[in-house]
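Visitor:
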Amino acid sequence: MRPRLKMRLGDLLVQEGIITERQLQQALEDQRDNGRKLGVTLVDLGFITEQELLEFLARQLNIPFIELSERKIAEPVVNLLPEVQARRHRALVVEADDNEALVAMSDPADLSAVDAISQFLQPRLVKLAVAPDHELLEAFDNLYRRTKDIAQFASQLQTEYEHDEGVDITELSLEDEADDATVAKLLQSIFADAVQVRASDIHIEPDHRALRIRMRVDGVLQENVLKETTIASALVLRLKLMAGLDISEKRLPQDGRFNIKVRDHAIDVRMSTMPVQYGESCVMRLLDQSAGILELEQTGLPDHLLARVRQLIHKPYGMLIVTGPTGSGKTTTLYGVLNELNKAEKKIITVEDPVEYRLPRISQVQVNSKIGLSFSRVLRTTLRQDPDIIMVGEMRDSETVEIGLRGSITGHLVLTTLHTNDSITSALRLIDMGAAPYLVGAAVRGVLAQRLIRRVCEHCRVPTPVEAGDLAVLRKMDPTIASDGSGFMKGKGCRNCNHTGYKGRVGVFELLEINDEMINALRDANMREFAGAARTSPTYRPLAMAALDYAKQGVTSVDEVLFLAEMVEEEELQPTLTDTLELSDG
150 MRPRLKMRLG
160 DLLVQEGIIT
170 ERQLQQALED
180 QRDNGRKLGV
190 TLVDLGFITE
200 QELLEFLARQ
210 LNIPFIELSE
220 RKIAEPVVNL
230 LPEVQARRHR
240 ALVVEADDNE
250 ALVAMSDPAD
260 LSAVDAISQF
270 LQPRLVKLAV
280 APDHELLEAF
290 DNLYRRTKDI
300 AQFASQLQTE
310 YEHDEGVDIT
320 ELSLEDEADD
330 ATVAKLLQSI
340 FADAVQVRAS
350 DIHIEPDHRA
360 LRIRMRVDGV
370 LQENVLKETT
380 IASALVLRLK
390 LMAGLDISEK
400 RLPQDGRFNI
410 KVRDHAIDVR
420 MSTMPVQYGE
430 SCVMRLLDQS
440 AGILELEQTG
450 LPDHLLARVR
460 QLIHKPYGML
470 IVTGPTGSGK
480 TTTLYGVLNE
490 LNKAEKKIIT
500 VEDPVEYRLP
510 RISQVQVNSK
520 IGLSFSRVLR
530 TTLRQDPDII
540 MVGEMRDSET
550 VEIGLRGSIT
560 GHLVLTTLHT
570 NDSITSALRL
580 IDMGAAPYLV
590 GAAVRGVLAQ
600 RLIRRVCEHC
610 RVPTPVEAGD
620 LAVLRKMDPT
630 IASDGSGFMK
640 GKGCRNCNHT
650 GYKGRVGVFE
660 LLEINDEMIN
670 ALRDANMREF
680 AGAARTSPTY
690 RPLAMAALDY
700 AKQGVTSVDE
710 VLFLAEMVEE
720 EELQPTLTDT
730 LELSDG
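If you're matching positions, the sequence shown starts at 150 in this note's numbering and goes up one per residue.
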């Protein structure tokens, strides 16, 4: 099928009164400079919306306009058109049988693209539909997964090993070029799939009768089970070589890192191996360096908290702690702060393990415990380097805490992280680690706690009533919530969210600014009084309340709010060491 417009697109849009002649001429001039298609140029200039343009094309060509998010598309149908061709021509096979194929395109008037697609789909008759470009791009990422390639290469690798009976699999992986190529292709497929679904971690876990490859997407693991168990050691071996680790050592854990490039994404991979019952478990954290460092405004901090954080970080001295569990985005927030503070007149030194992002003008030190280059040792030297601002990747031991706190009261701004669930317990944790309470009170200016909660999928979210028990908890948190539990959303599951009901994450924050009442409580080593003063501070708003705000807006679900509230409550209920000492003294 070769659709044709009776007139040129621009002239038709002017004739229909959708754009003016002047706008058309301006778009044509812009098009000559940038080389893009006229329709894209008109949308970019704001003369027409993408929706208006596509609906107009559908009417002129007498083809349907479809919403891809509303359709269930079978994987075999999609794979009739190879991914390379689909992405090149912005085309997706939506329906197909032996005689016909319905293909959605963002520009169905592109005759060369239509001809190329028809060649691939022969002998089927191609029928066209029009779909938004951004929906096509999302569909490519969701539907063209690498799971089939992963299974195929794993099977091929297993077959190669079976043909070499009696040969050590480790030696085979090192010496056999054909085998090495298969391992490389398998790993390429794994990394490509991880980048495509925006995974933060890859877990390779050997089991008795299966090899599990799990990817953490939006904080939740997704599992791919392979029956080829004997290939696990070859995969880990190749990864160890890439990370420069000792391939002969399988009895002890090892850590390393390497860089790869996947689909124009520069990925920094932090790798950890650990001996387990059936081999070695390997976990890799993926950091997309091509995304760049976020500005502070892009970290997700609400405007009212952003203004208060800015006040804290522009003070000449004191300590700001960013806290939260592993994977909560602490480092991203700290780098956003550093990005804002990174001026020619400021000397900034960071002490990190590892250095995750490279920043110009900033002296970044990589901790190396193997040679005695610990946080505390580097931090002592850092204070003699005349810094204005110091960033300590993590407060791990009492000596680092002591040096960091004293540095923050002697004219330095100290930024650091802790692994706690909320802001109140962070100040108490420093004391548990051996810091003097009066020193914590004098040094700490604020504690920013953060968590990442999942966003409800925009494509399949529907209003959902809240169960009576959950509603009672929510109304206890916020009495203004409707008594019938209406106004909340939940994803029912669709192709865009891999049928999870969630897609993407959003940060929730709580900021505890240390005031005089809290300082006095710390000086008296009265932890209960400190916690009470913190909770009654007029500027303090708990994490769970911030999450509830998002639920009321339909951004997240009630389940995410309740899960976060339960986690934080459990942390608060755990007695600190200081509390225990107080009780025993009493």
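Ideal Cβ placement from N, Cα and C applies to all residues, glycine included.
Tell whether a beta-carbon distance below 8 Å holds between L671 and L469.
Guide: For L671 and L469, no; Cβs fall outside 8 Å.
Visitor: Report the rounded CA-to-CA distance for D342 versus P355, giving the unit in angstroms.
Guide: D342 and P355: Cα-Cα distance of roughly 19 Å.
Visitor: Is the Cβ-Cβ distance between I168 and I197 less than 8 Å?
Guide: Yes, Cβ-Cβ distance for I168 and I197 is below 8 Å.
Visitor: When you compare the CB positions of I498 and V514, do they come within less than 8 Å of one another, or not?
Guide: Contact: yes.
Visitor: Is F679 helix, strand or coil by DSSP?
Guide: Of the three classes helix, strand and coil, the one that applies to F679 here is helix, per DSSP.
Visitor: To the nearest angstrom, how far is the alpha carbon of E549 from that of S525?
Guide: A quick correction: the sequence has Thr, not Glu, at residue 549. Those two C-alpha atoms are separated by around 5 Å.
Visitor: Pick helix, strand or coil for S421, following the three-state DSSP scheme.
Guide: Strand at S421.
Visitor: Could you tell me the distance, in whole angstroms, from the CA atom of P536 to the CA atom of E678?
Guide: In a straight line, the C-alpha of P536 is about 35 Å away from that of E678.
Visitor: Closer than 6 Å by C-beta to V710: which residues in its own chain qualify, once you throw out the five before and the five after it? Chain order, please.
Guide: Here the set comprises A696, L697 and A700.
Visitor: For S261 and V192, what's the separation of their Cα atoms in angstroms?
Guide: So the two alpha carbons sit approximately 22 Å from each other.
Visitor: Under 8 Å, with one C-beta from each stretch per pair, do the stretch 637-653 and the stretch 600-613 reach the 3-pair mark?
Guide: The stretch 637-653 vs the stretch 600-613: in contact.
Visitor: For the candidate residues M544, I511 and H568, whose alpha-carbon lies nearest to that of A493?
Guide: Cα-wise, what sits closest to A493 is I511.
Visitor: Suppose the cutoff is 8 Å on Cβ atoms and the five residues either side in sequence are ignored; what does the same chain contact list for L187 look like?
Guide: The residues are L158, G159, A176, L177 and Q180.
Visitor: Whole-angstrom Cβ separation of N645 and E287, contact assumed at under 8 Å?
Guide: With 8 Å as the limit, N645 and E287 qualify as a contact, their Cβ atoms being about 6 Å apart.
Visitor: Among residues of its own chain, excluding the 5 on either side of E715, which ones have a beta-carbon nearer than 6 Å to its beta-carbon?
Guide: Nothing meets the Cβ criterion.
Visitor: Which of helix, strand or coil does DSSP assign to S518?
Guide: Note: S518 maps to helix in three-state DSSP.
Visitor: Touch check for the stretch 417-426 and the stretch 560-575: three-plus C-beta pairs under 8 Å?
Guide: The stretch 417-426 is not in contact with the stretch 560-575.
Visitor: Give every residue of the same chain whose Cβ lies closer than 7 Å to the Cβ of A693, excluding the five residues on either side of it in the sequence, and list them in chain order.
Guide: Counting only Cβ-Cβ distances below 7 Å, and skipping sequence neighbours, we find M626, V710, L713, A714 and V717.
Visitor: Tell me which residues share the same chain as S218 and place their Cβ nearer than 7 Å to its Cβ, disregarding the 5 neighbours each side in the sequence.
Guide: So the qualifying residues of the chain are E284, H608, C643 and N645.
Visitor: Distance, Cα to Cα, E446 vs L270?
Guide: The straight-line gap from Cα to Cα measures roughly 47 Å.
Visitor: Thinking I813 and A278 are a contact (beta carbons under 8 Å), I'd like their distance in whole angstroms, please.
Guide: The displayed coordinates of the chain run from 150 to 735. Any statement about residue 813 would go beyond what the structure contains.
Visitor: Using the Cβ count rule (16 or more neighbours within 10 Å means buried), how would you classify A456?
Guide: With fewer than 16 other Cβ atoms within 10 Å, it is exposed.
Visitor: Would you call G428 buried or exposed, if buried means 16 or more other Cβ atoms sit within 10 Å of its Cβ?
Guide: So G428 counts as buried.
Visitor: When you compare only the Cα positions, how much space is there between L390 and I396?
Guide: Computed Cα separation, rounded: 7 Å.
Visitor: Under 8 Å between the Cβ atoms of T480 and L443?
Guide: Against a cut-off of 8 Å, the Cβ pair of L443 and T480 comes out as no contact.
Visitor: Buried or exposed: D313, going by 16 or more other Cβ atoms within 10 Å of its Cβ?
Guide: Reliability of the predicted coordinates at D313 is poor, the pLDDT of 48 falling under 50, and the value obtained from them is presented with this limitation in mind. The residue in question, D313, is exposed, as its Cβ has fewer than 16 Cβ neighbours within 10 Å.
Visitor: Thinking A529 and I552 are a contact (beta carbons under 8 Å), I'd like their distance in whole angstroms, please.
Guide: The sequence as given places Arg at residue 529; Ala does not occur at that position. That belief holds up - the Cβ atoms of R529 and I552 are roughly 6 Å apart, short of 8 Å.
Visitor: From A585, E201 and A576, pick the residue whose C-alpha is nearest to that of R594; which is it?
Guide: For the residues A585, E201 and A576, the minimum Cα distance to R594 belongs to A576.
Visitor: Can you have a look at D367 and say buried or exposed, based on whether 16 or more other CB atoms are within 10 angstroms of its CB?
Guide: So D367 ends up on the buried side.
Visitor: How long is the line joining the alpha carbons of D404 and A333, rounded to whole angstroms?
Guide: For D404 and A333, the distance between alpha carbons rounds to 21 Å.
Visitor: Within 10 Å of its beta-carbon, does H238 have 16 or more other beta-carbons around it, so buried, or fewer, so exposed?
Guide: Buried, because 16 or more other Cβ atoms sit within 10 Å of the Cβ of H238.
Visitor: By a C-beta neighbour count over all protein chains shown, 10 Å radius and 16 as the cutoff for buried, is E505 buried or exposed?
Guide: Its Cβ being crowded by 16 or more others within 10 Å, E505 is buried.
Visitor: List in chain order: all unbroken alpha helix (DSSP H) runs of 4+ residues lying wholly within the stretch 602-628.
Guide: Fully enclosed alpha helix (DSSP H) runs of 4 or longer: 617-626.
Visitor: According to DSSP, what are the bridge partners of D350?
Guide: Its beta-bridge partners are R365 and R434.
Visitor: Taking 8 Å as the threshold (C-beta atoms), are G467 and G656 in contact?
Guide: Taking 8 Å as the Cβ cut-off, G656 and G467 do not qualify as a contacting pair.
Visitor: I'd like the list of long-range same chain contacts for R545, defined as Cβ closer than 8 Å, with 5 residues on each side in sequence excluded.
Guide: Only F524 meet the Cβ criterion.
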